[in-house]
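**Student:** These protein sequences, in sequence, are chains E and A.
Per the working numbering, residue 8 is the first one in the first sequence, and the count goes up by one each step.
Per the working numbering, residue 8 is the first one in the second sequence, and the count goes up by one each step.
Where a beta carbon is used, it is the ideal one built from N, C-alpha and C, also for glycine.
2 protein chains.
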Amino acid sequence: MPLILHKYGGSSVADSGRIKNVARRIAKAKDAGNQIVVVVSAMGNTTDDLVRLAYEISEFPDDRELDVLLSTGEVVSSTLLAMSLGSLGHKAVSLNGAQAGIRTDSSYSRARILNVDTERISCELEKGNIVIVAGFQGVTQEMDTTTLGRGGSDTTAVAIAAALKAGECQIYTDVEGVYTADPRLVPNAVKLEKISYEEMLELASYGFRVIHPRAVELGELYDVPILVASSFSERSGTVIVKEASMEVRNKVRGIAHDTNVAKITVIGIPDHPGIAMNIFEPLTRANISVDTIVQNASIEGITDLTFTVARSELVKAMSIVEPVAKSIGARECSASSSLATVSIVGTGMENTPGYAARMFRALYEVNINIQLITTSEIRITCIINEDKVGDAVRALHKMFDLDVT
Amino acid sequence: MPLILHKYGGSSVADSGRIKNVARRIAKAKDAGNQIVVVVSAMGNTTDDLVRLAYEISEFPDDRELDVLLSTGEVVSSTLLAMSLGSLGHKAVSLNGAQAGIRTDSSYSRARILNVDTERISCELEKGNIVIVAGFQGVTQEMDTTTLGRGGSDTTAVAIAAALKAGECQIYTDVEGVYTADPRLVPNAVKLEKISYEEMLELASYGFRVIHPRAVELGELYDVPILVASSFSERSGTVIVKEASMEVRNKVRGIAHDTNVAKITVIGIPDHPGIAMNIFEPLTRANISVDTIVQNASIEGITDLTFTVARSELVKAMSIVEPVAKSIGARECSASSSLATVSIVGTGMENTPGYAARMFRALYEVNINIQLITTSEIRITCIINEDKVGDAVRALHKMFDLDVT
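#1: Using DSSP with H/G/I as helix, E/B as strand and the rest coil, what is A:GLU384?
#2: So, for A:SER305: in the same chain, excluding its five sequence neighbours on each side, which residues have a beta-carbon less than 7 Å away from its beta-carbon?
#3: Alpha carbon to alpha carbon, what distance is there between A:ALA36 and A:VAL45?
#4: Determine the closest residue to A:VAL47 out of A:ASP410, A:ASN41 and A:ALA30, with distance taken between C-alpha atoms.
#5: Cβ closer than 9 Å: which chain E residues qualify as neighbours of A:GLU339?
#6: Can you give the Cα-Cα distance for E:ARG414 and E:HIS404, rounded to whole angstroms?
#7: According to the neighbour-count rule (16 or more other Cβ atoms, all chains shown, within 10 Å of its Cβ), is E:PHE314 buried or exposed?
#8: Measuring alpha carbon to alpha carbon, tell me which residue in E:GLY24, E:GLN177 and E:PRO220 is nearest A:ALA61.
#9: Would A:GLY353 be called buried (16 or more neighbouring beta carbons within 10 Å of its own) or exposed?
#10: Counting only C-beta atoms, is E:LEU346 closer than 9 Å to chain A at any point?
#11: Which one of A:GLU205, A:ILE300, A:SER296 and A:LYS27 has the shortest CA to CA distance from A:GLY96?
#12: Using the beta-carbon of each residue, which ones in chain E are nearer than 7 Å to A:THR86?
#13: Just the chain A side, please: which residues come within less than 8 Å of E:LYS27 by C-beta, in chain order?
#14: Would you mind telling me which residues of chain C sit closer than 7 Å to A:PRO68, beta carbon to beta carbon, in chain order?
#15: Could you check what DSSP says for A:VAL328 in three-state terms: helix, strand or coil?
#16: Check whether chain E comes within 9 Å of A:ASN103, counting only Cβ atoms and requiring the distance to be less than that.
#17: Do E:SER238 and E:ASP181 have their C-beta atoms closer together than 9 Å?
#18: Skipping 5 residues on each side, what residues in its chain have a beta carbon closer than 7 Å to that of E:VAL396?
#19: With a threshold of 9 Å between beta-carbons, can E:ASP55 be considered close to chain A, or not?
#20: Going by the DSSP bridge assignment, what does E:ASN392 pair with across the sheet?
#21: Quick check on DSSP: helix, strand or coil for A:LEU155?
#22: Can you tell me whether E:ARG157 is buried or exposed, with buried defined as 16 or more other CB within 10 angstroms of its CB?
#23: At a CB-CB cut-off below 7 Å, which residues of chain E make contact with A:GLN106?
#24: Please state whether DSSP places A:ALA264 in a helix, a strand or coil.
#25: Kindly identify the DSSP beta-bridge partner or partners of A:PHE314.
#26: Do A:GLY275 and A:LEU199 have their C-beta atoms within less than 9 Å of each other?
#27: From this set, E:PRO68, E:VAL146 and E:ARG386, which residue's C-alpha is nearest E:SER114's C-alpha?
#28: On the DSSP letters alone, give me the boundaries of the alpha helix (DSSP H) that A:GLU209 sits inside.
#29: Could you give the residue range of the beta strand (DSSP E) that holds A:GLU357?
#30: My assumption, with CB atoms under 8 Å, is that E:TYR179 sits in contact with E:TYR15. Please give the rounded CB distance.
#31: Smallest Cα separation from A:ASP151: which of E:VAL82, E:ARG318, E:ALA39 and E:VAL223?
#32: Where does E:THR147 fall in DSSP's three states?
#33: How long is the line joining the alpha carbons of E:GLY355 and E:MET207, rounded to whole angstroms?
#34: Within a Cβ cutoff of 6 Å, which residues of the same chain sit near A:ARG117, ignoring the five residues on either side of it in sequence?
#35: By DSSP, does A:SER78 sit in helix, in strand, or in coil?
#36: Please classify A:ASP230 as buried or exposed, where buried requires at least 16 neighbouring CB atoms within 10 angstroms.
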């Protein structure tokens, strides 16, 4: 019997009505003759509510305790989904991370999955059960609960699909798949039928929130086909596979954008070895991740350093960078928060010149100033002012012929 | 180092302010040089909210899933309490039922504790941690979560205290101890310093809600002294021990009352063997517990049968009893829901005549009609109309010299 994995995000199980809807979808897949394992996120804003409660109690809640607290959100939704399937006449059983055999290291709040012991899941499947696994959580060797951090439930789903050698990992969310650009900005954006892991990885990293990059990486590593589709409609979604179909190579596949971007510039730094280390080590210790970094060529022994952080972390980052900048003799620090990134992504760009030039022309034609540029082999990203992001995405969508289906 | 067990009920941890208050109390006990294990209930109405959610999903939620769902309430409060202790500078760790080694049978929603494997708790105590255990829950041999049903957290507390041979099990609640009667009905009721297990068992079974009878029974079995006191004040509470002090023997210790009482009478039953079985077996299967049962002497082969159930279960009980009554040829069924019990309890009553007569006189003097009477060796209970319960308790409190300290 084919084995399929479903994953439902928080908005798909936000209330009892939606949970019942999800149960009907699962029941249908089961009735079609599949074995089903389901990974589920916490209901709606449960996780945020629990975090708020923790910070009401303590300014610095203990890592281990916070993980146990947050893990309850997915346990709640998994049991409700199992009950709902029960009331449809289907045998279902919920398992928490420990019961599902999700073994992790003990880095609380951002644990990595070490392996998945599928014994219990397989045993429940053999009994004819639909197995509902609480996402986002695992257990250490000492049987302490951990959570996986951002993208945790997506990662749980792909990890279990890999361990069980499931035919497909189906991620159900509130969008209908992967589009050539955000349809809210580009009304004639087109849904992609297929996309490659590496393209999806770049798009997910640069603003496509449909699936977490970490889960895409894991899918690529274990060669698990991942379907991204809507839990609210019956329409087909987008499949993430090893390689998208041949005819769409040599093409930009999608335009990503991200508005959660802020920029910090340290100006007038005496150029000595160790500047970057001095500035970035304290940020790492504070768990702030830095994205783009640009260091200008040194002029007369003086240089500037610019880097971006998530906008939500700007205040914290500045409070760390300013004293460091002073201590290394920099002239000043400046911050700018109303920024955005726009990126073009496509495996077709690899080893093919001309994409960057066309990108810059498209932005120039709609009068957009580029502040920083970064690239990977299959991606070019420009940092621009946030208020121009819609214009930029539409211009790029048109320039790279994505408007035409 | 002495080992003390604290247990805090739902109203004591109803919000973050109260959790912090409880943390301060625990910290103080720790600073006084004790090892501390804490058992905690779910915050305020959490359990009711989760039950409501389950019934939104399914009319008949699966037992196993419901238990996993409900167990999250105590996990949440235990982690928050551990965080709060952390922010006071104390090392604390929360454990769920499985981690705390609470092994139960697999009777979901009313599991019985088989044994407590204290290895993990002891290990955490040795590391200098305050150990916070999520009450009300355990785990089967198959590592599935169970809940203990009514009085679950009290029972967890006493069971752990017994297994660890703790010096005392301190149950903190929203009342200041065990009184000679409910102070809301009898303003000059007196708080008892000590009470015996068997007296407390009768009082708890007949309306004193300060501690669940099941926990008292367990305390008696393993000889664990239980303190009942308020989490909102520093005043001393009541200690439940093997035998109350000698000078208070030969005395009524307390007047219990309970207004959650309804009565069903099956009238005109042809008196054959098996009547009781026919009526009570279906009630047991429906999980309705029957308290007092009175069967009248048979007159000309016809008898009446009267019994009491919790008022909240009256409708369900009637729907079961009425068809059965018809099938055994009874004339009719009647139900009455506005009833209450008043009970006098005291080991001094054992083998001492005259208590019943004094009780009936006291009720007669305030013009109260007695509907049913039941007794144990150390208790006499009368079932009366609910609207007379205040008068009855006050009259009995006076008759048995409890007004005088």
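**Tutor:** Let's see:
#1: Within the second sequence, numbered from 1, the residue matching residue 384 of chain A stands at position 377. Here A:GLU384 sits in coil by DSSP.
#2: The residue you call residue 305 of chain A lines up with position 298 of the second sequence. Taking C-beta separations shorter than 7 Å and ignoring five residues to either side along the sequence, the partners of A:SER305 in its chain run ASP278, following chain order.
#3: Here residue 45 of chain A refers to the residue found at position 38 of the second sequence. Here residue 36 of chain A refers to the residue found at position 29 of the second sequence. Spanning the two alpha carbons is a distance of roughly 11 Å.
#4: Along the second sequence, one-based indexing puts residue 47 of chain A at 40. The shortest Cα separation from A:VAL47 among A:ASP410, A:ASN41 and A:ALA30 belongs to A:ALA30.
#5: The residue you call residue 339 of chain A lines up with position 332 of the second sequence. Here the premise fails: no neighbours, minimum Cβ distance about 37 Å.
#6: With chain E running from 8 to 412 in the structure shown, residue 414 of chain E is simply not present.
#7: Position 307 of the first sequence, counted from the first residue, corresponds to residue 314 of chain E. Under this definition E:PHE314 is a buried residue.
#8: For the purposes of this step, residue 61 of chain A is identified with residue 54 of the second sequence, where counting begins at 1. Considering only alpha carbons, the answer is E:GLY24.
#9: Locating residue 353 of chain A in the second sequence gives position 346, counting from the first residue. Counting Cβ neighbours within 10 Å, A:GLY353 comes out buried, since at least 16 surround it.
#10: Counting from one through the first sequence, the residue named residue 346 of chain E turns up at place 339. Interface with chain A (9 Å Cβ-Cβ cutoff): E:LEU346 is excluded.
#11: Sequence index remark: in the second sequence, residue 96 of chain A carries index 89 (1-based). Distances from the CA of A:GLY96 to each of A:GLU205, A:ILE300, A:SER296 and A:LYS27 were compared; the closest alpha carbon is that of A:LYS27.
#12: Walking along the second sequence from the start, residue 86 of chain A turns up at place 79. The answer, in chain order, is GLU72, VAL75 and LEU76.
#13: As a working note, residue 27 of chain E is residue 20 in the first sequence. Those within 8 Å of E:LYS27 in chain A are ILE64.
#14: Given the protein chain composition of this structure (E and A), no chain C is represented.
#15: In the second sequence, residue 328 of chain A corresponds to position 321, counting from 1. Three-state DSSP puts A:VAL328 in a helix.
#16: Working through the second sequence from its first residue, we reach residue 103 of chain A at position 96. At a cut-off of 9 Å between beta-carbon atoms, A:ASN103 makes contact with chain E.
#17: Your numbering for residue 238 of chain E matches position 231 in the first sequence. Your numbering for residue 181 of chain E matches position 174 in the first sequence. At a Cβ-Cβ threshold of 9 Å, E:SER238 and E:ASP181 count as neighbours.
#18: Residue numbering aside, residue 396 of chain E sits at position 389 when the first sequence is read from its first letter. So the qualifying residues of the chain are HIS264, THR266, ALA347 and VAL349.
#19: Locating residue 55 of chain E in the first sequence gives position 48, where the first residue counts as 1. Look at E:ASP55: its C-beta is not under 9 Å from any C-beta on chain A.
#20: Within the first sequence, residue 392 of chain E is the residue found at index 385, counting from 1. DSSP output for E:ASN392 lists E:LEU346 as bridge partner(s).
#21: In the second sequence, counting from the first residue as 1, residue 155 of chain A sits at position 148. In this structure, A:LEU155 counts as coil in the three-state DSSP scheme.
#22: Here residue 157 of chain E refers to the residue found at position 150 when the first sequence is read from its first residue. So E:ARG157 counts as exposed.
#23: Within the second sequence, numbered from 1, the residue matching residue 106 of chain A stands at position 99. Here the neighbours are MET150.
#24: Stepping through the second sequence from its first residue, residue 264 of chain A is reached at position 257. One point to set straight first is that residue 264 of chain A is His, not Ala, in the sequence displayed. Collapsing the DSSP output to three states places A:HIS264 in a strand.
#25: Walking along the second sequence from the start, residue 314 of chain A turns up at place 307. Note: A:PHE314 sits in a beta bridge opposite A:ILE271 and A:ILE300.
#26: What you label residue 275 of chain A is simply residue 268 of the second sequence in a count that begins at 1. What you label residue 199 of chain A is simply residue 192 of the second sequence in a count that begins at 1. In this structure, A:LEU199 does not lie closer than 9 Å to A:GLY275 by Cβ.
#27: Counting from one through the first sequence, the residue named residue 114 of chain E turns up at place 107. Among E:PRO68, E:VAL146 and E:ARG386, the Cα nearest to that of E:SER114 belongs to E:VAL146.
#28: In the second sequence, the residue the question calls residue 209 of chain A occupies position 202. It spans 204 to 212 - the alpha helix (DSSP H) in which A:GLU209 sits, taken as one unbroken run.
#29: Numbered from 1 along the second sequence, position 350 holds the residue referred to as residue 357 of chain A. Going by DSSP, A:GLU357 is part of no beta strand (DSSP E) at all; its letter is neither H nor E.
#30: Counting from 1 along the first sequence, the entry for residue 179 of chain E is found at position 172. Counting from 1 along the first sequence, the entry for residue 15 of chain E is found at position 8. So it is a contact: roughly 5 Å between Cβ atoms.
#31: Here residue 151 of chain A refers to the residue found at position 144 of the second sequence. Nearest to A:ASP151 by alpha-carbon distance, out of E:VAL82, E:ARG318, E:ALA39 and E:VAL223, is E:VAL82.
#32: The residue labelled residue 147 of chain E in the question sits at position 140 within the first sequence. When secondary structure is reduced to three states using DSSP, E:THR147 falls in the coil class, being assigned neither helix nor strand.
#33: Within the first sequence, residue 355 of chain E is the residue found at index 348, counting from 1. Within the first sequence, residue 207 of chain E is the residue found at index 200, counting from 1. For E:GLY355 and E:MET207, the gap between their C-alpha atoms comes out near 13 Å.
#34: Counted from its first residue, the second sequence places residue 117 of chain A at position 110. Residues of the same chain with a CB within less than 6 Å of the CB of A:ARG117, apart from the 5 flanking positions on each side, are GLY156 in chain order.
#35: Taking the second sequence and counting its residues from 1, the one referred to as residue 78 of chain A is at position 71. For A:SER78, the secondary structure class from DSSP, reduced to helix, strand or coil, is helix.
#36: Translated into the one-based positions of the second sequence, residue 230 of chain A becomes position 223. Looking at its Cβ environment, which holds fewer than 16 other Cβ atoms inside 10 Å, A:ASP230 is exposed.
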